[in-house]
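See below for the structure under consideration.
2 protein chains.
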Amino acid sequence: MPSVTLAPAGDYLTLSHGASDMRFHAIWLRDNASDPDTRAEANGQRLIALRDIPADTTIAEATLDGERLRLRFMPENKTVAYDLSWLQAHTYDKARPEKAGWLADGVETWDAGLMDGVPTGDFAALEAGGAALGDWLGAVTRYGFGKVVNGPVEDGALFRVVDLFGHVRETNYGRHFEVRTEVNPTNLAFTGLGLQAHTDNPYRDPVPTIQVLYCLESSAAGGENMVVDGFAAALRLKAENEAYFNVLAEHCARFEYAGEAGVCLISRRPMIELAPDGELIGVRFNNRSLAAVQDVPFEKMALYYAAYRRFGEIIDDTAMEVTFRLNPGEAFVVDNTRVLHARKGYSGEGTRWLQGCYADKDGLRSVYDAWRRQALAEAAE
Amino acid sequence: MPSVTLAPAGDYLTLSHGASDMRFHAIWLRDNASDPDTRAEANGQRLIALRDIPADTTIAEATLDGERLRLRFMPENKTVAYDLSWLQAHTYDKARPEKAGWLADGVETWDAGLMDGVPTGDFAALEAGGAALGDWLGAVTRYGFGKVVNGPVEDGALFRVVDLFGHVRETNYGRHFEVRTEVNPTNLAFTGLGLQAHTDNPYRDPVPTIQVLYCLESSAAGGENMVVDGFAAALRLKAENEAYFNVLAEHCARFEYAGEAGVCLISRRPMIELAPDGELIGVRFNNRSLAAVQDVPFEKMALYYAAYRRFGEIIDDTAMEVTFRLNPGEAFVVDNTRVLHARKGYSGEGTRWLQGCYADKDGLRSVYDAWRRQALAEAAE
Chain S
1 MPSVTLAPAG DYLTLSHGAS DMRFHAIWLR DNASDPDTRA EANGQRLIAL
51 RDIPADTTIA EATLDGERLR LRFMPENKTV AYDLSWLQAH TYDKARPEKA
101 GWLADGVETW DAGLMDGVPT GDFAALEAGG AALGDWLGAV TRYGFGKVVN
151 GPVEDGALFR VVDLFGHVRE TNYGRHFEVR TEVNPTNLAF TGLGLQAHTD
201 NPYRDPVPTI QVLYCLESSA AGGENMVVDG FAAALRLKAE NEAYFNVLAE
251 HCARFEYAGE AGVCLISRRP MIELAPDGEL IGVRFNNRSL AAVQDVPFEK
301 MALYYAAYRR FGEIIDDTAM EVTFRLNPGE AFVVDNTRVL HARKGYSGEG
351 TRWLQGCYAD KDGLRSVYDA WRRQALAEAA E
Chain G
1 MPSVTLAPAG DYLTLSHGAS DMRFHAIWLR DNASDPDTRA EANGQRLIAL
51 RDIPADTTIA EATLDGERLR LRFMPENKTV AYDLSWLQAH TYDKARPEKA
101 GWLADGVETW DAGLMDGVPT GDFAALEAGG AALGDWLGAV TRYGFGKVVN
151 GPVEDGALFR VVDLFGHVRE TNYGRHFEVR TEVNPTNLAF TGLGLQAHTD
201 NPYRDPVPTI QVLYCLESSA AGGENMVVDG FAAALRLKAE NEAYFNVLAE
251 HCARFEYAGE AGVCLISRRP MIELAPDGEL IGVRFNNRSL AAVQDVPFEK
301 MALYYAAYRR FGEIIDDTAM EVTFRLNPGE AFVVDNTRVL HARKGYSGEG
351 TRWLQGCYAD KDGLRSVYDA WRRQALAEAA E
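Shown next, in the form of structure tokens:
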């Protein structure tokens, strides 16, 4: 049986439910009330600001009514009810990861062992939506990349992949860009050379958080695509040498691209990005566009370069990479804040033509979460 | 006269130039060589990765030749020359801000005193480009917002503002959104109520870093726009109470918008965002979309709410706000990672119609920096 205890001053309460005690402050509870005067019923947005809630808010009365907790707040003399399940799901009175480098729920790191389990969606099934799309988006969220197969071999088909989950992020490279061999490249991605695994456009801030690459022609030998989990690489670096991980997380690198007229893109961000509480949230790695690093003190620069070198060695380790060949009508999608991608070298004989574009992962995550919420709601009916 | 000294092991050198001694590591110098085998001449991208540079790289010889420093690296036995001015501009052997909350060069905080100095560009002059555009972009970079006046009163004119510096960031709200009174609002921005100053879409990750609002009709009384410098507000909070500033910077808030079918946008980011070395780089503040904060320990939640309250009071202080009325054909642009905006309440009589859209500030900054580099180069000729 759940029980509730009010603190003497009424500034917080303790909810005992099952084995756990969860404390909630009066001000937090009042701010998170879901009554129609606090939250709009149509869209869930809060109708009041914190300035509308008295600073000396206390709980005068707390009563349990089945799976509901009813509270009366003073000085407003306002009564609000909460679902116990909602309170349990939103508790903040809990143990937290103490060490930097933890991962959000649902994120799973991988290495070459994922080669046989690449998340793959059938183009038509994905466009039909429902569980096929939901499952694929879930896998992309979990692993940071996914393939699409059996798509049309037509100019612009990549936009139909983006339409599955979001919107194109247009840049100075256009709504999309062509990836072919060119004689006078303005960007190294357009040559026949192999490229070290990298994240795209780290010189943008914000970086494009999703990249789509769609294959239209592929008769040249070589040119396989490969991906590396930047989170797995960062955590391996940490396991090997915590000082290496820390020096890359605690100092900003700089990236720059000024390779065409009228463009001068510069960013100052770390190679390994952590949230303030240590969640691993991003990786930037790109030898081509790394500018002179100026934000590391002289005393730490040798360590920084040793860490950067080792991070690159881990990224280059074939035990980390998943390789696949894109055939015409196939595409892959990567979370560009996490998963590095590369192309193996290919010969000049035959042709290889990919179209690429950028999008944002908040949209992908939104479509996935909305689908999952609806699926859960339907399952509960 | 500049002079150079090699460390005995050759792992770094000391450049004495004017009053300052600057040390540079051999590995940093080698990685930042600009010879045509290291950097592509056409676009400046690095042609090699760190794996191509020996880990035991040392400087065997260093000679000064006027304004050039010539180095011979071992074991490659490779000679590279550097401009002394480039080395001075990119030194990392220097004092750094010790306290959190410092601002990048060129960023200037402001309050209501800027009312008479709002950065304003004439639509036609901005479209003509050159110094008028460069100066206005520079002001937007410095202050985080700017007005455009004398523009056409026509549907979609806001896209011509975006064309000045970048590309639209399309979202689930479309390429643009209409801001008018609506009977059954799905988002509170579409009502006649006044809104507390806020940043837009903190539930996105990345947030749209630029917002453009363009006025097409304005016959209703009221509805003035106002902006508040979130950086100024955060630094005032810090000056008043450093614990308040720190608790908002060190813990993630959560934001959510799930107010329409198929949309479930959730983010976990701090209200005050710092780079790992303490640069103040972002503010998120939005009472409507703040979700239940779960990432603050129980012991700090009362402090967190006190800090959030005070931050809101500072934001609400009229001494912080710059207010202006947008007339038809006028627009404003805000850096949505820094400057909060709001609308005063307006009456139901008459009409008010704005069109809004999002874009990204890296593009704006790129156009500005490219213009500035070219202007400096032309001035030097």
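Chain order of the listed sequences is S and G. Everything in the first sequence is counted per UniProt numbering, starting at 1 for the first residue and increasing by one. Everything in the second sequence is counted per UniProt numbering, starting at 1 for the first residue and increasing by one. Think of the CB as a built atom: it goes at the ideal place given N, C-alpha and C, for glycine as much as any other residue. A quick note: this is a predicted structure, and the numbers were derived from the prediction, not measured.
Classification of residue i by the beta-carbon crowding that lies within 10 angstroms, buried from 16 upward
i	result
R325(S)	exposed
R373(G)	exposed
N327(G)	exposed
P119(G)	buried
A197(G)	buried
R68(G)	exposed
T351(S)	exposed
V207(S)	buried
N201(S)	buried
A104(G)	exposed
G146(G)	buried
M1(G)	exposed
D369(S)	buried
V212(G)	buried
A157(G)	buried
V333(S)	buried
A331(G)	buried
M115(G)	exposed
For residue j and residue i, the rounded distance between their alpha carbons
i	j	result
N184(G)	I266(S)	Only weak support is given to the placement of N184(G): the predicted model assigns it a pLDDT of 43, under 50, and the question is left unresolved by the model.
S358(G)	T63(S)	According to the sequence displayed, residue 358(G) carries Tyr and not Ser. Those two C-alpha atoms are separated by around 46 Å.
A243(S)	A306(S)	10 Å
F285(S)	L376(G)	31 Å
S3(S)	L71(S)	13 Å
E256(G)	I59(S)	26 Å
I27(S)	A249(S)	35 Å
A95(G)	A139(G)	28 Å
T14(S)	L6(S)	6 Å
S85(S)	Q294(G)	15 Å
V322(G)	K238(G)	21 Å
R160(S)	G134(S)	16 Å
D65(S)	H17(S)	13 Å
CB contact below 7 Å: residue i versus chain S
i	result
L6(G)	no
L265(G)	yes
M226(G)	no
R180(G)	no
E170(G)	yes
V183(G)	For V183(G), the predicted structure reports a pLDDT of 38, less than 50, and the residue's modelled location is therefore unreliable. The matter cannot be settled from this model.
Residue i at chain G interface by Cβ criterion, 7 Å
i	result
Y82(S)	no
P276(S)	yes
P270(S)	yes
F298(S)	yes
N327(S)	no
Q211(S)	no
D205(S)	yes
L50(S)	yes
Own chain, CB closer than 8 Å to residue i, minus 5 neighbours either side, in chain order
i	result
A124(G)	N150
V283(G)	T199, G230, F231, A233, A234, M271, I272, E273, T337, R338, L340
D56(S)	P75
Neighbourhood of residue i by C-beta, 7 Å cutoff - its chain only, sequence neighbours within 5 removed
i	result
D35(G)	V80
A292(G)	R254
F165(G)	L137, G363, L364, V367
A112(G)	T318, A319, M320, E321, V322
G106(S)	T141, R142
L50(S)	D31
Same chain, Cβ closer than 6 Å to residue i, neighbours up to 5 away in sequence not counted
i	result
G121(S)	W136, V148
Y304(G)	V247, V296
E61(G)	R72
L195(G)	A342, R343
D335(G)	G144, K361
Fill in: Members of the stretch 24 to 47 of chain S near chain G, C-beta cut-off 8 Å
H25, I27, W28, D31, N32, A40, A42, N43, G44, Q45, R46, L47
Item to complete: With 9 Å as the limit, tell me which residues of the stretch 342 to 376 of chain G have their beta carbon closer than that to any beta carbon of chain S; keep them in chain order.
Response: D360, K361, D362, G363, R365, S366, V367, Y368, D369, A370, W371, R372, R373, Q374
Worksheet item: If you measure beta-carbon to beta-carbon, which residues of the stretch 132 to 147 of chain G are closer than 9 Å to chain S?
Response: none
Worksheet item: Which residues, in chain order, does the stretch 241 to 257 of chain S contribute to contact with chain G at a C-beta distance below 8 Å?
Response: A249, E250, H251, C252, E256, Y257
Worksheet item: Mind listing which residues of the stretch 59 to 88 of chain S have their C-beta closer than 8 Å to chain G's C-betas, in chain order?
Response: none
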